[in-house]
Amino acid sequence: MSGLITNNMSTIVANSLFEQLTSAFHTLEDTNESPALKALRQEAYTRFEKKGFPTVKNEDWKYTNIHSLVNKTYILNKDVDVANLDLAKADIPGLDAHRIVLINGQYVLAFSSLEDELGIVVKPIEEAEGEEAFQKHFAQHADKTDSALVALNTALFTSGLYLSVAKNKVVSKPIQIVHVATGEEDFFVQTRNLYVLEANAEAEIIETFITSDGSAYNLNNKVTEIVLEENAKLQHYYLQQASDAGHYINHTEVYQTRHSLYNNYNCNFPGVSFVRNDINVRLDAENVESHLYGVNLLADRQLVDNHTVVDHMKPHCESYEWYKNIPQDEATAVFNGKIFVREDAQKTNAFQQNNNLLLGEKSAVYTKPQLEIFADDVKCSHGCTMGQFDNEALFYLRSRGISEESARVLLVHAFAFDVTSRFSNDAVQAYVEDLVEKGLYSE
Amino acid sequence: MLTIKNLYASVEDKQILKGLNLEVKAGEVHAIMGPNGAGKSTLGNVLAGRDSYEVNGGEALLEGVDLLEMSPEDRAREGLFLAFQYPVEIPGVSNINFLKTAVNDIREYKGLPPMEAKEFLQMVKEKQKLVEFSANLANRSLNEGFSGGEKKRNEIFQLAMLNPKLAILDETDSGLDIDALRIVAKGVNELRSKDNAFVVITHYQRLLDYIVPDFVHVLYDGRIVKTGPKELALELEEKGYDWLRELDAQNA
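In order, the protein sequences belong to chains A and B. When we follow this note's numbering, the leftmost residue of the first sequence carries the number 18, and every step to the right adds one. When we follow this note's numbering, the leftmost residue of the second sequence carries the number 2, and every step to the right adds one.
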């Protein structure tokens, strides 16, 4: 991988990230990766080069302009300083969990406590090539989408996490993955993760995103592929708590087989400037169940865009999606929920709901449910609501002696409760409810 | 306890209250009756501080404290309670959590520490008996899916929990069948004491059979035009309100 450590010259010569990446790719040939991986990278790079970064002319990026993010230069792949790292921001009260720390995408073993768990393999993705599951699944799922950013990640990722849970293994406690962004000059990071749960395995993964104090502007292009084999169960949390220096483009591709269960809880809070999440779930066998939940409390001029795809490929599957957006100030929330029900996928049960509580006079929500149904015996529903604070409810609460601030907290709490009450982990639920409360401005 | 002097209030530039005077002493129950549009509900809402109502003159003092300059929550903390004509449904806010927040916010205002959980639950248990309010209802979302009667009983339950100095019941009898009316009235009667007072706003004399007032006031065109003993309610029931027009004209 050392070949990827870029000559810093490119930050001077290049005008844009694209140019930097182009020159970075040409230094790749010197690495000692396998021919198979090199071929994958080459093929992905060709795709990226052809497509380039998406613009607002692309329907999927209509409201989410990355122009200013990619028309600048960054430090690429700088070695990180592990000393004096403050991880307290990622602490979740009452949560007993294994902890894995990735600094700018690089796996830092020292903070982990997973040694005692048999049946779990955790290693840097750049050392995982020899793993059977890696050979079977790496770049076999996310790269099937036509995402230019996934292609870019495959072509040029430098680090990330490989995690597999062996057959029948139920992980004894949650695994918290802390993603720390830190750097003194503007930097670009590409993290690549692969999580594989073998048959009947069960795990709970909590991914927390934080920024170290005073860190420079950073852009993170992260791809996570997740494979759930037969009857595997994964509870998967994203807690986005980065600072306004942070800009994130995350692609999560989930591939599910028979009787598996995947639950995603995607939570974004005030701070981080820009987030684009693509969460795609492929239900490629019978009796698969998937739940996608979202709570997005935004403030200032944040933009958080959640694009989801629930792809019903086979019969007798169930999906359930519920996203709540609460933009304050001048924040923008985007929700785009695609549900595909393919011709084979009879007896599908798919539910989608998006509720929005606009608290800022200049806040905005763009929401689009998108259902494409090719089977004829299915149950699909979707709904969307837009609203503001209910003044009647506020007055009612205040007339009982409750302060305006507490009344707002109660009402927002109630708004989010449909989703937070479904969290599988009580400590995380309480933590998220607390972050929602803290993130609310009393005006 | 409550002193209202020459109160003027309007909604959307429409003058509703036109110089209302009222004096309520501790231990008393006052009934306010009157035709539609006379300003009965406006009085309750203005006192509680609903912001769509504008006060154009006069004053309202609760034990000497000027209510009209205060936020709705501070009025409640000073001891005012409005039982709503149409209690609001708030899905996702549990009745109990709501009451705990209210009780403790009021205690904080008075410089008291939060109530112990055990003590709070004991009080809930005791007070819900007063209005035959089941634990099931108390634990549900605030008023969500409650019947009309359950909502009104919940208002009296809240009243019992918050123990205000002055309670205004805004048409608490509307939409109640006779059994629910009895339960609500029984609750109110048990809460009556020499230290608190009630203002009962109603269209109908029926409620006053159960909550017997010390005084009956007739509100007409934004003013109290007649005050009498409880028998006045019967007279109004019999004669209607038309004859008041002449009375109002004479007073003016």
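Glycine included, C-beta positions come from ideal geometry on N, C-alpha and C.
- Separation of A/Q345 and A/L245 (C-alpha to C-alpha, rounded to the nearest whole angstrom) is 37 Å.
- The DSSP-derived three-state label of A/V289 is coil.
- A straight line joining the alpha-carbon of A/V99 with that of A/D443 spans about 31 Å.
- Taken through DSSP and simplified to helix, strand or coil, B/Y221 comes out as strand.
- If you draw a straight line from the Cα of B/I107 to the Cα of B/V217, it comes to about 31 Å.
- For A/K455, the number of other beta carbons within 10 angstroms of its own is below 16, and it is reported as exposed.
- By the neighbour-count definition (other C-beta atoms within 10 Å, threshold 16), A/W339 is a buried residue.
- The Cβ of B/T102 sits closer than 8 Å to at least one Cβ of chain A.
- Annotation: B/R246 to B/S42 spans about 20 Å, alpha carbon to alpha carbon.
- Judged by DSSP in its simplified three-state form, A/Q446 adopts helix.
- Only residues of its own chain outside the window of five on either side were considered, and among them L211, V213, E242, V244, Y272 have a CB closer than 8 Å to the CB of A/H154, listed in chain order.
- Sequence-distant partners of B/I212 (beyond 5 residues in either direction) whose C-beta falls short of 7 Å from its own C-beta, in its chain, are V30, A186, V189, N190, V201.
- For the options B/T173, B/Q251, B/A250, B/R193, the alpha carbon positioned closest to that of B/I33 is the one of B/T173.
- Residues of chain A whose Cβ lies closer than 7 Å to the Cβ of B/Q159 are, in chain order, R417.
- A/E421 belongs to the set of residues whose beta carbon lies under 8 Å from a beta carbon in chain B.
- Less than 8 Å separates the beta-carbon of A/F65 from that of A/L169.
- When C-beta distances to chain A are compared with 7 Å, the residues of the stretch 23 to 51 of chain B below that value are A49, R51, in chain order.
- The straight-line gap separating the alpha-carbon atoms of A/R116 and A/F291 is approximately 26 Å.
- Only residues of its own chain outside the window of five on either side were considered, and among them N372, N373, L374, L375 have a CB closer than 8 Å to the CB of A/G404, listed in chain order.
- For B/M34, the beta-bridge partners assigned by DSSP are B/V219.
- DSSP places B/V56 within a strand segment (E or B) once states are collapsed to three.
- Residue-level contact by beta carbon holds for A/Y413 and chain B, with a gap shorter than 8 Å.
- With a threshold of 16 other beta carbon atoms within 10 Å, A/S438 falls short and is exposed.
- Chain B places a beta carbon closer than 8 Å to that of A/L427, counting this residue as a contact.
- Contacts with chain B at 8 Å (Cβ-Cβ) include A/A431.
- For A/Y124, the pairing in a beta bridge is given by DSSP as A/L119.
- Residue pairing by DSSP places A/V73 opposite no residue, since no beta bridge is assigned to it.
- Taking 8 Å as the CB threshold, A/A262 stays off the interface with chain B.
- Nearest CB-CB separation between B/G93 and chain A: below the 8 Å threshold.
- Using a Cβ-Cβ cut-off of 8 Å, A/A249 does not count as an interface residue toward chain B, since no Cβ of chain B sits closer than that to its own.
- By the 16-neighbour rule on beta-carbons within 10 angstroms, B/Q86 is buried.
- The Cβ-Cβ distance between A/K341 and A/N313 falls below 8 Å.
- Sequence-distant Cβ neighbours of A/L54 in its own chain, meaning closer than 7 Å and more than five residues away, are E146.
- The stretch 264 to 271 of chain A makes contact with the stretch 157 to 174 of chain A: 3 or more CB pairs, one atom from each, lie closer than 8 Å.
- B/G38 and B/V25 have their C-alpha atoms spaced approximately 23 Å apart.
- Secondary structure remark: continuous beta strand (DSSP E) runs of at least 3 residues inside the stretch 299 to 333 of chain A, in chain order: 306 to 315, 320 to 329.
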